[in-house]
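J.: Quick one: structure below, then a few questions.
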Ligand code: B16
Ligand code: MG
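In the numbering used here, the protein residues as written are 67 to 283.
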């Protein structure tokens, strides 16, 4: 079996929803008087909702009851969803669509591998759902990135091996997950943050189709 498979993270790779997650978490942090900077936000990328809240509480050394935590989790998601109401294809990050199109034209299997429980509605709103042969998201996995479960499930659904899987990720946890899973990791973002990735690009506009073609071979 040597068919390649291309696995895309969602938030921060296909769409810029990372900024909405940040705004929604910032509101909770402000209420709790916890300092929450862009640098702190890097710790939350690719991390599940529940774990994200725990990280914020740890940053502020705040102890909370399960009841309070559950309330903040609901509040965060409602706030996050309010930013997505008017979402459409204009929110697809630059350069992503041509690469998805190139992969489709070359009959390459494509999967989503996201920690988000809101992945499907986002793909629907942006008109990208039909590009994906498989979707694995936060509703399907028990172990969060850097555990490779999400990407291993995606590779399996695409009938390929981890070694033949190529993962696009914007988070440190996601790059680690791909590496631990023996996949080819491609970091989308800053080299200083994503230095563990095999290849790094600032964004998809920097990725030539000739590079993708070389991965297919
Ligand atoms: P939700 P990804 C991740 O998505 C985000 O990077 C992360 O910031 C977020 O907390 C997580 O999804 C859960 O999202 O609250 O929508 O279930 O980057 O893995 O696509
Ligand atoms: Mg991401």
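Note that CB positions come from ideal geometry on N, CA and C, so glycine has one too.
Since the model is a prediction, treat every value here as computed from it, not as a measurement.
Would you mind giving the Cβ-Cβ distance between residue 165 and residue 185, rounded to the nearest angstrom? I have them listed as a contact below 8 angstroms.
T.: Not a contact, Cβ separation roughly 18 angstroms.
J.: So is the beta-carbon of residue 76 under 8 angstroms away from any non-hydrogen atom of the ligand MG?
T.: yes
J.: Just checking residue 248 against the ligand B16 - is the residue's beta carbon closer than 8 angstroms to any of the ligand's heavy atoms?
T.: Between the ligand B16 and residue 248, a heavy atom-to-CB distance of less than 8 angstroms is absent.
J.: At a cut-off of 8 angstroms, is residue 151 close to the ligand B16 when judged by its beta-carbon and the heavy atoms of the ligand?
T.: no
J.: Do residue 238 and the ligand FAD come close, with the Cβ less than 8 angstroms from some heavy atom?
T.: Of the ligands this structure carries, namely the ligand B16 and the ligand MG, none is the ligand FAD.
J.: Taking only the alpha-carbon atoms, compute the straight-line gap between residue 192 and residue 152 and give it to the nearest angstrom.
T.: 10 angstroms
J.: Using 10 angstroms around the beta-carbon of residue 95, count the other beta-carbons present and answer buried if the total reaches 16, otherwise exposed.
T.: Residue environment: residue 95 is assigned as buried (16 or more neighbouring CB atoms within 10 Å of its CB, all protein chains considered).
J.: With residue 69 as the anchor, note down where its beta strand (DSSP E) starts and where it stops.
T.: Premise fails: residue 69 is in no beta strand (DSSP E) and is neither H nor E.
J.: Candidates 219, 170, 220: which alpha carbon is nearest residue 275's?
T.: 170
J.: Assess, as a yes-or-no matter, whether the region 110-123 is touched by the region 231-248 under the definition of 3 or more beta carbon pairs within less than 8 angstroms.
T.: yes
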